[in-house]
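Residue numbers (the working numbering): 43 to 398.
Following this line, the structure appears as structure tokens:
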């Protein structure tokens, strides 16, 4: 079919003729040669029959090429779901939503797609990979642009000297509670360190563990006023690994019960998704807002969430400008059950008792 170039839909977005997938990696390279100098979203319309882009109909070397392609790949059309790409849909509204998310922070979007394509061999390796990419993005133009437009304006805590985390014991159950309700339990360095200490204590204390939050929300994610506060990305990477609440949560996952309510954003769902038992109140709203800051999930979300909801759902959540409900989260497998807000604490303790 000769040399066919990918068509430019708009800057950063190109459309690739699906027939090129049958022509092999060289043809794909030639088609995309002018497009891969910067982060790009590659759209592939699939209008043929069900087998048009099924993996069994595409040469292994072409599938390998797509797995290595440093771009976000999206198949569209009625038979897109079988395509060996990052995202697939027949919903034009979803295409528009994901494309809008990509264009907001192309570098971060492609970085997330690359991380999610191949699951890490183990949790620790996944956390190291995620932290490496997150720390790199702290030095990106996209993050710098967001930080310049959103200068830190720390609001005083109602009680700045109060503990950020409370640890209690009820029988054999350890109850760890985030206690920064005035800031929706946003995680700043002090809360992070106190949570790590609490999880270390829980790791050596036999019995089930309940993780919950005081106030209107379980956890609204990282405290935005502290983003980018490390002296350099390399230092941020090492501190993130040394003080990893994600790793500590993983270590006790089989006996951990997490209760979600209110805002559960960023770390508020990334940490919870490691647990074997996640219960959401019916008022819980869940989202991954990091792309808006030029970043990717940095609290273990590229490891924990795919294990529950799959890589495509995780990438959807990264690219989506908004949140999902507790009901949708249950349909996706992100939470195990949804209960009325008034019943949440009792349900957490009952589940913990059953683990005993």
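For each residue, glycine too, the CB sits at the ideal point set by N, CA and C.
When you compare the stretch 309-328 with the stretch 118-130, are there three or more beta-carbon pairs, one atom per stretch, that lie closer than 8 Å? Contact fails: fewer than three Cβ-Cβ distances are below 8 Å.
Do you know offhand how far residue 136's Cα is from residue 319's? Spanning the two alpha carbons is a distance of roughly 30 Å.
Ignoring anything shorter than 3 residues or poking outside the stretch 208-238, list the beta strand (DSSP E) runs there in chain order. Listed in chain order, they are 215-220.
What would DSSP say about residue 319, mapped onto helix, strand or coil? If DSSP states are grouped into helix, strand and coil, residue 319 belongs with the strands.
Got a sec? Which residues, its chain only, sit under 8 Å from residue 294 by beta carbon, not counting five neighbours each side? Result list for residue 294: 241, 244, 245 and 251, in chain order.
What three-state label does DSSP hand residue 113 in the structure shown? For residue 113, the three-state secondary structure derived from DSSP is coil.
Spatial neighbours of residue 351 within its chain, please: CB distance less than 6 Å, with the 5 preceding and 5 following residues excluded, ordered by chain position. So the list reads 374, 375 and 376, once near-sequence residues are dropped.
If we require 3 or more residues per run, which beta strand (DSSP E) segments fall completely within the stretch 277-333? Those beta strand (DSSP E) runs which fall completely within the stretch 277-333 and span 3+ residues are 298-302, 305-307, 319-323 and 327-329.
Outcome for residue 282 when other beta-carbon atoms lying within 10 angstroms are tallied against a minimum of 16: Flag for residue 282 reads buried.
At a cut of 8 Å, does the stretch 166-176 reach the stretch 354-362 through at least three beta carbon pairs? Contact annotation: the stretch 166-176 does not touch the stretch 354-362, with fewer than three C-beta pairs closer than 8 Å.
Burial state of residue 43, where buried means 16 or more other Cβ atoms lie within 10 Å: Any reading at residue 43 is ruled out, since the residue's pLDDT is 45, under 50, leaving its predicted position unreliable.
Name, in chain order, the residues that DSSP records as bridge partners for residue 364. Under DSSP, no beta-bridge partner is assigned to residue 364.
Taking Cβ to Cβ, would you say residue 334 is nearer than 8 Å to residue 306? Not a contact, by the Cβ cut-off of 8 Å.
Less than 8 Å between the beta carbons of residue 140 and residue 156, yes or no? Not in contact: residue 140 and residue 156 (Cβ atoms no closer than 8 Å).
By the three-class DSSP mapping on this structure, what secondary structure does residue 85 have? Residue 85: strand per DSSP, three-state reduction.
Would you call residue 187 buried or exposed, if buried means 16 or more other Cβ atoms sit within 10 Å of its Cβ? Classification of residue 187: exposed, given that the 10 Å Cβ count is below 16.
If you drop the 5 nearest sequence neighbours on each side, which residues of the same chain put their C-beta closer than 6 Å to that of residue 87? So the qualifying residues of the chain are 118 and 119.
So which of 349, 49 and 397 has the shortest CA-CA distance to residue 163? Looking at the Cα atoms, 349 is the closest of the given residues.
Beta strand (DSSP E) runs wholly inside the stretch 104-169, at least 3 long, in chain order: The stretch 104-169 contains these whole beta strand (DSSP E) runs: 114-118 and 129-131.
Quick one: using the 10 Å Cβ neighbour count with 16 as the cut-off for buried, is residue 177 buried or exposed? Label assigned to residue 177: buried.
Cutoff 7 Å; reference residue 78; Cβ partners in own chain excluding five residues on either side: Within the same chain, residue 78 has close Cβ partners 112 and 113.
Quick one: what's residue 52 bridged to in DSSP? Beta-bridge partners assigned by DSSP to residue 52: 55.
For residue 367 and residue 324, I'd like the C-alpha separation in whole angstroms. Straight-line spacing of the CA atoms in residue 367 and residue 324 works out to 8 Å.
Assumed close pair residue 364, residue 330 - CB separation to whole angstroms, cut-off 8 Å: The distance from the Cβ of residue 364 to that of residue 330 is about 10 Å, inconsistent with a contact at the 8 Å cut-off.
Tell me, which residues are paired with residue 255 by DSSP? For residue 255, which the question treats as bridged, DSSP gives the partners 220.
With distances taken between CB atoms, is the gap from residue 81 to residue 148 smaller than 8 Å? It is a contact, given that the beta carbons lie within the stated cut-off.
Cβ shell of residue 146 (< 8 Å), same chain only, five flanking positions each side left out: Around residue 146: 333, 334 and 363.
Taking buried to mean at least 16 other C-beta atoms within 10 Å of its own C-beta, is residue 106 buried or exposed? It counts as exposed.
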